[in-house]
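K.L.:
Submitted below is the structure of interest, expressed as structure tokens.
In the working numbering, the protein residues as written are 1 to 97.
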């Protein structure tokens, strides 16, 4: 089970996505494979990692920055958001003045 799936089990993460009009299919945890492949963390019960979660919607890209608290043994994960940034996608046919 990946981290995104674990986060989607929690109502607070689903509410965060809803607030920013994001679909779970359009959300990606940056460097998730690096986090999950760290063999030094395999047997630790609770792990904290600083992460960036990228989401895309019709208005552009939203990056959430924060701390991931997870326990792969018990299949639990919580995202503690510290901030976010919105990156607008240029509209076709519009030119900057």
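Glycine included, every Cβ here is placed at the ideal spot set by N, Cα and C. Keep in mind that this is a model prediction, so the values were computed, not measured.
#1: From 64, 3 and 59, pick the residue whose C-alpha is nearest to that of residue 36; which is it?
#2: With a threshold of 16 other CB atoms inside 10 Å of the CB of residue 142, please say whether the residue is buried or exposed.
#3: Compute the Euclidean distance between the alpha carbons of residue 48 and residue 69, then round it to the nearest angstrom.
#4: Tell me, to the nearest whole angstrom, how far the beta carbon of residue 84 is from that of residue 57; I am working on the premise that it is less than 8 angstroms.
#5: Using CA atoms only, rank isn't needed, just tell me which of 65, 77 and 31 is closest to residue 11.
#6: Helix, strand or coil: how does DSSP classify residue 21 here?
P.N.:
Taking the coordinates as given:
#1: 3
#2: Coverage of the chain is limited to positions 1 through 97, which leaves residue 142 absent and any answer about it impossible.
#3: Per the coordinates, the alpha-carbon of residue 48 lies some 5 angstroms from the alpha-carbon of residue 69.
#4: Wrong, their Cβ atoms sit about 13 angstroms apart, outside the cutoff.
#5: 77
#6: coil
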